[in-house]
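Below is one structure; the comments refer to it alone.
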Amino acid sequence: MSYKKKEKTSKKTIWKGLIFIILLGIPLYFGTSYLTTKIMDLSNKNSNSTQTHSLLDNLETIQPISIESFLQQFNQILKEHSLPYQVKKQFQRQSNTYIYTLDDKIRLYIEPVKKLASQSKETLQMSALLFSTDYENQEEMKSLLYCLFQANNKNLGQDEIEQILSNIEKTENQKEETSTSEFFQYRGLEASKQIDKDSIRYRIGRIME
Numbered sequence: 003m004s005y006k007k008k009e010k011t012s013k014k015t016i017w018k019g020l021i022f023i024i025l026l027g028i029p030l031y032f033g034t035s036y037l038t039t040k041i042m043d044l045s046n047k048n049s050n051s052t053q054t055h056s057l058l059d060n061l062e063t064i065q066p067i068s069i070e071s072f073l074q075q076f077n078q079i080l081k082e083h084s085l086p087y088q089v090k091k092q093f094q095r096q097s098n099t100y101i102y103t104l105d106d107k108i109r110l111y112i113e114p115v116k117k118l119a120s121q122s123k124e125t126l127q128m129s130a131l132l133f134s135t136d137y138e139n140q141e142e143m144k145s146l147l148y149c150l151f152q153a154n155n156k157n158l159g160q161d162e163i164e165q166i167l168s169n170i171e172k173t174e175n176q177k178e179e180t181s182t183s184e185f186f187q188y189r190g191l192e193a194s195k196q197i198d199k200d201s202i203r204y205r206i207g208r209i210m211e
């Protein structure tokens, strides 16, 4: 075989080798990229899951408070903020809930952990303010909610309460679109907002040990 023929054969072999490497490399490249992406996604999910469990494991709790002490505390805070409302002793009973009327458009709902013979000995589980849909004083509503949060946890500052209310609004808006929990939990409290055709209800549950 002549030198030129050998050279041509060698060049063909080289080109075939290059084409083979290219054809083999393309799927390997995309396959490796896909695998890397999947590994990163899985890593991020595991990281987020770990963070979520960490947050849940470290949820703060608050000390129990009697319904009687809570109502006294709520009235005191209302007075300090010069709001024209006080919770009276009279209430309506609906199943395991006590309903106090602040005026014809605002009601306070109270639920004990367990019903006892004397209300003064009952521990507070949940408190809620219910506003009629035609109640239009948004500033006063915000002030009343601030007082309710403060009565539940006196260590909450104004900025924290505003942040909680902001998150309640976001959770309410997302509730029908996602599987997000309807409760927003923070510093021993779980808060939510519920709207129906007649009223708007802001509920505060207590996370106790």
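Positions in the sequence shown are counted from 1; adding 2 to them yields the working numbering. Backbone N, C-alpha and C define an ideal beta-carbon position, used for all residues, glycine too.
- request: Quick one: measure Cβ to Cβ for Ser129 and Ser68, integer angstroms, because I've assumed they're closer than 8 Å.
  value: About 13 Å separates the beta carbon of Ser129 from that of Ser68, a gap too long to meet the 8 Å contact definition.
- prompt: So the alpha helix (DSSP H) Leu80 belongs to, where does it begin and stop?
  reply: Unbroken alpha helix (DSSP H) run through Leu80: Ile69 to Glu82.
Beta-bridge pairing of Phe133 - partner residues as DSSP gives them: Bridge partners of Phe133: Ile108 and Ile202.
query: Is Ile170 helix, strand or coil when you go by DSSP?
result: Under the three-state reduction of DSSP output, Ile170 falls in the helix class.
- request: Taking Leu104 as the reference, give the member of Arg189, Leu146, Arg205 and Glu211 with the closest Cα.
  value: If we check each option's Cα against that of Leu104, Leu146 comes out closest.
- prompt: Excluding five sequence neighbours on each side, which residues of the same chain lie with their C-beta closer than 6 Å to the C-beta of Gln65?
  reply: Leaving aside the five residues that flank Gln65 on each side, none in its chain has a CB nearer than 6 Å to its CB.
query: Apart from the five residues just before and just after Gln94, which ones in its own chain have a Cβ nearer than 7 Å to its Cβ?
result: Closer than 7 Å at the Cβ level, and outside the excluded window around Gln94, lie Ile101.
- prompt: Under the three-state reduction of DSSP, which class applies to Ser97: helix, strand or coil?
  reply: Assigned with DSSP and collapsed to three states, Ser97 falls in coil, not helix or strand.
- prompt: Tell me which same chain residues have a C-beta within less than 6 Å of the C-beta of Ile79, skipping the five on either side of it?
  reply: Result list for Ile79: Cys149, Gln152 and Ala153, in chain order.
- request: Could you tell me the distance, in whole angstroms, from the CA atom of Thr52 to the CA atom of Leu73?
  value: Legend: pLDDT at Thr52 = 42, less than 50; position of this residue unreliable, value from coordinates given subsequently. Distance between the alpha carbons of Thr52 and Leu73 is about 39 Å.
query: Taking one C-beta from the region 155–164 and one from the region 108–124 each time, how about it: are there three or more such pairs within less than 8 Å?
result: No: fewer than three Cβ pairs fall under 8 Å.
query: Under a Cβ-count criterion, where at least 16 other Cβ atoms within 10 Å of its own Cβ denotes burial, should Ser256 be classed as buried or exposed?
result: A query on residue 256 cannot be resolved here, the shown segment of the chain reaching from 3 to 211 and no further.
Whether Arg203 touches Leu132 by CB criterion (8 Å): The Cβ atoms of Arg203 and Leu132 sit closer than 8 Å to each other.
message: Run through the DSSP bridge pairs and tell me what Thr125 is partnered with.
response: Thr125 is bridged by DSSP to Ser68.
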